[in-house]
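Working notes for the structure below.
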Amino acid sequence: MAKPNKVGPTRTVDISCAKCRAALFKYRKGGKGALVKCFIERISKDFTQNQTHCPECDTLFSRQTLIRGTPALKMIGGKVTFK
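Per the numbering used here, residue -18 is the first one in the sequence shown, and the count goes up by one each step.
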């Protein structure tokens, strides 16, 4: 399968915790759908320590995985919001 485009989209979204509204990432997202996965190479600014738990309330919001051979985070439904 093809790898995701490294340059990727230019539109950035702010991803925050749904529970405490703490900032988690600035991410270059493509498309207009829901946030299902985040490719780690597209994260432009990271506000977390380990990329799976919220730094404020310590809620688990994602799981690390490989998608098409590229490291990514699978988002748990309802744990994050973006705008």
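From the three backbone atoms N, C-alpha and C, an ideal C-beta is built for every residue, glycine too.
Residue-level contact to chain B via CB, residue i, 9 Å cutoff
i	result
Lys18	Absent from the structure is chain B; it holds one protein chain and no more.
Through-space distance from residue j to residue i, alpha-carbon basis
i	j	result
Cys19	Arg49	13 Å
His34	Val17	16 Å
Leu5	Ile21	13 Å
Cys(-2)	Pro52	21 Å
Residue from the options with nearest C-alpha to residue i
i	options	result
Val61	Phe42, Thr51, Lys55, Leu47	Phe42
Thr(-9)	Leu54, Ala3, Arg23	Arg23
Ala3	Pro(-15), Ala53, Thr40	Thr40
Phe28	Ala15, Tyr8, Thr46, Met(-18)	Tyr8
Lys13	Lys(-16), Val(-6), Cys1	Val(-6)
Opposing strand residues paired with residue i [DSSP bridges]
i	result
Pro66	No statement about residue 66 is possible, as the shown extent of the chain runs from -18 to 64 and does not include it.
Arg9	Thr(-7)
Ala4	Ser(-3)
The beta strand (DSSP E) enclosing residue i, as first and last residue numbers
i	result
Asp39	Here Asp39 belongs to no beta strand (DSSP E), and DSSP marks it neither H nor E.
Val61	61 to 63
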